[in-house]
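According to the UniProt record's numbering, the sequence shown holds residues 3 to 435 in order.
Just so it is clear, CB atoms sit at the ideal spot from N, CA and C, and this is done for glycine as well.
Structure first, commentary second.
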Amino acid sequence: SQLKRTLTRELPQFEGQTVKLQGFVHARRDLGGVQFLVLRDVSGVTQCVGSGLQLPLAESSVEVVGKVKAHPKAPGGFEVQIEDFRVISAATEPTPVEIPKMEWNVNPETMLDYRVVTVRGLKERAALKVQAELVAAFRDHLRAEGFTEISTPKIVSAGAEGGANLFPIDYFGQNAYLAQSPQLYKQIMVGVFERVFEVAAVYRAEEHATSRHLNEYLSLDVEMGFIDDEEDVMGLENRLLGSIMERLKQTCAAEFELLGATIPDVPAHIPRIELMEARQLVTEKYGHQVGGKDLDPEAERLLSQHYAETEGSDFVFVTKYPRAARPFYAHPELNADGSVNGEVTRGFDLLFRGIEITSGGQRIHDYAMLMDSIASYKLKPESLEGYTEVFKYGMPPHGGFAIGAERLTAKLLGIANVRYARAFPRDRHRLTP
Ligand code: AMO
3 SQLKRTLTRE LPQFEGQTVK LQGFVHARRD LGGVQFLVLR DVSGVTQCVG
53 SGLQLPLAES SVEVVGKVKA HPKAPGGFEV QIEDFRVISA ATEPTPVEIP
103 KMEWNVNPET MLDYRVVTVR GLKERAALKV QAELVAAFRD HLRAEGFTEI
153 STPKIVSAGA EGGANLFPID YFGQNAYLAQ SPQLYKQIMV GVFERVFEVA
203 AVYRAEEHAT SRHLNEYLSL DVEMGFIDDE EDVMGLENRL LGSIMERLKQ
253 TCAAEFELLG ATIPDVPAHI PRIELMEARQ LVTEKYGHQV GGKDLDPEAE
303 RLLSQHYAET EGSDFVFVTK YPRAARPFYA HPELNADGSV NGEVTRGFDL
353 LFRGIEITSG GQRIHDYAML MDSIASYKLK PESLEGYTEV FKYGMPPHGG
403 FAIGAERLTA KLLGIANVRY ARAFPRDRHR LTP
């Protein structure tokens, strides 16, 4: 037909007129001569009604030409009365699960096994849409503050974050790894653009299966030069999150409603607490003994609960991380006389609704201090030469952070496992689809 394609969300403008829709057969029903077809396109779903039609299998792509009629009981409030119907590409098999009847997060393995088609579900799609919008907002905000987007290698010769979670690969006979983070390269690029960001997948060979760990995740990385200290970096992240949530309110209200989730208000000044105080607080207020040098997941949950209750904030920065819980590049805290404090760094984490979504901080920019740090972490300086070299050439004080996109998406939407905040998650046992 000569008609231009109309999207289902545009139907209210076309009441009484004939439109052409294209999309997928989301659901179908045949009531003896009368056929109901729920057509799904990128913008939503709409009910189409016709008679004498041979409906194809669910998920076939189809074209409907028909008249738009107000219908309060139909999804979206409008219905299309089919005048002409065409199958564009017929499904050749029934779907392994009924897409409209899928229960969110129920039977997760089956859902992931058939992810190529289950990902078409409205809630699945909503989660990915929200993530796409928050990534777009991340880029837009940073560009407006003078940041330049960079792209750094994902095949690297050394780890940046410490720990044993590197994926080794064979690089034409040389030992190489998949990048755990763009950390070292984003710092180097501060010497070029002063303010940089990157949106890219990174790789962590986490052996354990948890609801917060993926083996491949989307890291939203930021690094800025000429800072005074880590306060500048937290201030930037505070403004950035404010912009992201504003953007989601404008573009993703329907997705949040579908998932029964609310967009948080970002306080003008997100509360901050030093790590040692935070550990004390959860012990004294909630009787939770915190293991390790950091916060454990239960402590993160309790600390978030405390700030939600006392300050109405879904966010809290935990500052002044101990050196033992940070990688070699973390800038140490300085004592009043300017000497290095060997115990505490200028590193911080950001907790959101009970879980860490960001690590960040000021980095070492002084060459001698960096070499001392590498030695005290018992790392091989040769393995880091490609990085340490740049600190001979006037690197300014700098710092940054990284947001785990899936963790932020999952917590925003009340999704229990980060795997559902990724189209094709990689976990301990899953390499396909
Ligand atoms: P870190 O290792 O803490 O810091 O990672 C930063 C953020 O990335 C997310 N994240 C993960 N998400 C899913 N699966 C994982 N396995 C996983 N591991 C981490 C979390 C975390 O807060 N270079 C530093 C950042 C910086 O200082 O700029 C870094 O990578 O949300």
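- Rounded to whole angstroms, the separation of the alpha carbons of Gln83 and Pro184 is 53 Å.
- Taking the Cα of Gly349 as reference, the smallest distance to any Cα among Ala332, Leu415 and Glu61 is reached at Ala332.
- Going by beta carbons, Glu257 and Val119 fall outside the 8 Å limit.
- According to the DSSP assignment, Thr48 belongs to the beta strand (DSSP E) that extends over Gly46 to Ser53.
- Contact check for Gly363 against Ser306 fails: the beta carbons are separated by 8 Å or more.
- Given a length threshold of 3 residues, each whole run of the beta strand (DSSP E) inside the stretch 79-165 is given here in chain order: 80-91.
- The C-beta of His271 has fewer than 16 other C-beta atoms within 10 Å across all chains shown, which makes the residue exposed.
- Relative to Ser361, the option among Phe228, Asp374, Met373 and Thr347 whose CA is nearest is Thr347.
- Nearest to Leu352 by C-alpha distance, out of Ala404, Lys380 and Pro329, is Ala404.
- Inclusion of Ala404 in the 7 Å shell around the ligand AMO follows from its C-beta lying nearer than that to a non-hydrogen atom of the ligand.
- Rounded to whole angstroms, Leu277 and Thr212 show a C-alpha spacing of 24 Å.
- For the stretch 253-309, the full-length beta strand (DSSP E) segments reaching 3 residues or more read 274-276 along the chain.
- Taking every protein chain shown into account, the CB of Ile152 has 16 or more other CB atoms within 10 angstroms, so this residue is buried.
- Around the beta carbon of His367, a 10 Å sphere encloses 16 or more other beta carbons of the protein chains shown; the residue is thus reported as buried.
- Spatial neighbours of Arg303 in its own chain (CB-CB distance under 6 Å, excluding positions within 5 residues in sequence) are listed in chain order as Gly356.
- Counting the other Cβ atoms within 10 Å of the Cβ of Glu259 gives fewer than 16, which makes it exposed.
- Per DSSP, reduced to three states, the secondary structure at Met373 is helical.
- Taking 4 residues as the shortest admissible run, the stretch 334-419 contains the following complete alpha helix (DSSP H) segments, listed from N- to C-terminal end: 369-378, 387-390 and 407-415.
- The stretch 189-201 makes contact with the stretch 146-160; the number of CB pairs closer than 8 Å reaches 3 or more.
- Judged by the Cβ position, His215 qualifies as a neighbour of the ligand AMO at the 7 Å threshold, a heavy atom of the ligand being closer than this.
- The DSSP-derived three-state label of Thr8 is coil.
- The DSSP-derived three-state label of Ala181 is coil.
- Between Ala60 and Pro96, the C-beta spacing is below 8 Å.
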